[in-house]
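Everything below concerns the one structure shown next.
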Amino acid sequence: MLSEEFIKLKNPVKANIEPGVKLIPSDEYRKMKEMFREYPALAFVRDVSPPETCRTYFITNTRGENAIHPTNLAKMLELSNRYLREAEMHGLTGVIILDGIEYLTIYNGITAVVKFLAILRDMVVVRNGSLLVVVDEAAWEKKYRTIRRILLGE
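Residue numbers for the sequence shown follow UniProt numbering, so the first one is 1 and each next one is one higher.
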């Protein structure tokens, strides 16, 4: 079943983003939102003002439309996998935006979040997509550098 984002695309705009994984500082993400104004990216965010065309899920522990609980990492992986398959079927680079790593870590612990990110990274690489992880590196403790090493191979 094709998602609404891809069915309604008549003249899809190409995102000027390379496939792979990128850690994006918060201030750079705010500037990048304009780039996704007309692109059907998938976003898991804490930010209440994501780009309009993104299929957005708000990471929250409250119920609501398009809300996803921070402990439901499996659902985020399922949605990501489906999205990446559909993007590939339409000849597009699947772009997943993840803003809220710190929040996910509070609810799941660092080990679970690192495993989640490793699986998500593998999905993106296999489907030639792009994963943008919004981070505030200044706030990261040493353990968060593990995420950088796993995602970027540093």
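Even glycine gets a Cβ: it sits at the ideal position worked out from N, Cα and C.
Could you tell me which residues DSSP pairs with LYS22 in its beta bridges?
The residue you call residue 22 lines up with position 22 of the sequence shown. Per DSSP, LEU132.
Between LEU152 and LEU120, is the Cβ-Cβ spacing less than 8 Å?
Counting from one through the sequence shown, the residue named residue 152 turns up at place 152. Counting from one through the sequence shown, the residue named residue 120 turns up at place 120. Taking 8 Å as the Cβ cut-off, LEU152 and LEU120 do not qualify as a contacting pair.
Please report the distance separating the alpha-carbon of GLU38 from that of ARG127.
Taking the sequence shown and counting its residues from 1, the one referred to as residue 38 is at position 38. Taking the sequence shown and counting its residues from 1, the one referred to as residue 127 is at position 127. Whole-angstrom Cα-Cα distance: 21 Å.
Can you name, in chain order, every residue of its own chain whose Cβ lies under 8 Å from the Cβ of ILE7, other than the five neighbours on each side?
Along the sequence shown, read from residue 1 onward, the residue named residue 7 stands at position 7. Here the model assigns ILE7 a pLDDT of 46, short of 50, so the residue's position is not dependable, and the following value carries that caveat. The answer is none, since no qualifying residue turns up.
If you count every other CB in all the chains shown that lies within 10 Å of the CB of ALA74, and 16 or more means buried, which is it?
Your numbering for residue 74 matches position 74 in the sequence shown. Exposed, since its Cβ has fewer than 16 Cβ neighbours within 10 Å.
For ARG55, which residues does DSSP report across the bridge?
By one-based count along the sequence shown, residue 55 stands at place 55. According to DSSP, which records beta bridges pairwise, ARG55 is partnered with LEU42.
Chain-order list of residues whose beta-carbon lies under 8 Å from that of ASN16 (same chain, five-residue window excluded)
Residue numbering aside, residue 16 sits at position 16 when the sequence shown is read from its first letter. For ASN16, where only same-chain residues beyond five positions count, the Cβ hits under 8 Å are MET35.
Just how far apart, CA to CA, sit LEU2 and ILE97?
For the purposes of this step, residue 2 is taken as the residue at position 2 of the sequence shown. For the purposes of this step, residue 97 is taken as the residue at position 97 of the sequence shown. Since pLDDT at LEU2 reaches only 46, below the 50 mark, its modelled position is unreliable, and the value read off the structure follows with that caveat. Roughly 20 Å between the two C-alpha positions.
Limits of the beta strand (DSSP E) - the one that ILE106 falls within:
Here residue 106 refers to the residue found at position 106 of the sequence shown. Premise fails: ILE106 lies in the alpha helix (DSSP H), 101-108, not in any beta strand (DSSP E).
ALA67 to ASN61, Cα distance in whole Å?
Counted from its first residue, the sequence shown places residue 67 at position 67. Counted from its first residue, the sequence shown places residue 61 at position 61. Using only the alpha carbons, I get a separation of about 8 Å.
State the Cα-Cα distance for the pair LEU92 and TYR83, rounded to the nearest angstrom.
Within the sequence shown, numbered from 1, the residue matching residue 92 stands at position 92. Within the sequence shown, numbered from 1, the residue matching residue 83 stands at position 83. Going by the C-alpha atoms only, they are around 11 Å apart.
The alpha helix (DSSP H) with MET76 in it runs from where to where?
Position 76 of the sequence shown, counting from 1, holds the residue named residue 76. Element bounds for MET76: 73-89.
So what does VAL126 bridge to, in DSSP terms?
Start at 1 with the first residue of the sequence shown, and residue 126 comes out as number 126. DSSP lists no partner for VAL126.
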